[in-house]
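Note that numbering that gives the first Met the number 0 has the sequence shown beginning at 0, numbered continuously upward.
Data first, discussion second: the structure below is written as structure tokens.
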Amino acid sequence: MRLSSFGRNVGVSLWVWAATSIAAAAGDCSPTHVDLRGDWGVARFTVELAQTPADRARGLMHREDMAASHGMLFLFEAPQNVSFWMKDTLIALDMLFLRADGTVATIHENAQPLDLTPIPGGSDILAVLEVNGGMTDRLGITTGSVLRHPALDQTRAAWPCDAPE
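Laid out in structure tokens, this is it:
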């Protein structure tokens, strides 16, 4: 069954509301989740971590699908100039390039599957969150939004784990 644009938007809105309610109720900062917030609202994604060079090189390659509320968080040892590509990646992705404090510096929307064109994220990037293509637009996520995750240095985090929702 195909949903209309209205149906998809309602579904995404309900998912954001549910994720926000769960995040607020849990009040936790878990390695398996990221929370994002901005003027647009709050969202939570279940994430896989890509922390080693091998994990980061493999990323989401060869995956045929990914749940709407899931993603992958790429973590680097230190802030650096990063660039990604879509080699062997079968699904469109949005990439959120994050500064060391968890602030979204750059967003690349709808990276095309199998495209070898480099996608520059900028300099001073510590982490990258990949989610399904089109998700940042559907949720209204913008640059300047902040991400919360325990892997970030909590003394520098714009939204530390122990801060209220």
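C-beta: ideal position from N, C-alpha, C; glycine also.
Asked: Grab the span of the beta strand (DSSP E) containing LEU92 for me, first residue to last.; Found: 92-97
Asked: Might you give, ordered along the chain, the residues of its own chain that have their beta carbon closer than 8 Å to the beta carbon of ALA155, omitting 5 neighbours on each side?; Found: For the sequence presented, residue 155 should be read as Arg rather than Ala. Hits under 8 Å: ALA99 and ASP100.
Asked: Using DSSP with H/G/I as helix, E/B as strand and the rest coil, what is ASP54?; Found: helix
Asked: Return the bridge partner residues of ASP34 from the DSSP annotation.; Found: ARG43 and ARG147
Asked: Would you give the residue range spanned by the beta strand (DSSP E) that LEU74 belongs to?; Found: 69-83
Asked: By DSSP, does LEU48 sit in helix, in strand, or in coil?; Found: strand
Asked: Report all residues from its chain with a CB closer than 7 Å to the CB of PRO119; omit the five preceding and five following residues, and keep chain order.; Found: SER82
Asked: How many angstroms separate the CA atom of ALA22 from the CA atom of PRO149?; Found: With a pLDDT of 43 at ALA22, under the threshold of 50, the modelled position of that residue is not reliable, and no figure is offered here.
Asked: For ILE124 and MET85, I'd like the C-alpha separation in whole angstroms.; Found: 19 Å
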